[in-house]
Amino acid sequence: MAGVDLTMGLVALGVFAVAYSLYGGLRAVALTDIIQVILLVMGA
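The opening residue of the sequence shown carries number 1453 in the numbering used here; numbering runs sequentially from there.
Now the structure itself:
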């Protein structure tokens, strides 16, 4: 998929998620959860 190795893609996404959570704190995690709920409700 797009020429990216699966393992490297997963590692990159994991590093991004950890950095985003550390930088934004609880507010960033809560905002991400709200966006996910909205997308899940719209998709149902």
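Using N, Cα and C, we set each Cβ at its ideal position, and we do this for glycine too.
Can you look up residue 1485 in the DSSP assignment and give me helix, strand or coil?
In this structure, residue 1485 counts as helix in the three-state DSSP scheme.
Close beta carbons around residue 1468, own chain, < 6 Å, minus the five adjacent residues each side
So no residue of the chain qualifies.
Beta-carbon separation of residue 1484 and residue 1472 under 9 Å?
Yes, the pair counts as a contact, with Cβ atoms nearer than the cut-off.
Ignore the nearest five residues each way along the sequence and tell me which others in residue 1459's own chain have a CB closer than 7 Å to its CB.
By the criterion of a C-beta distance shorter than 7 Å, residue 1459 is surrounded by no residue of its chain, once the five residues flanking it on both sides are discounted.
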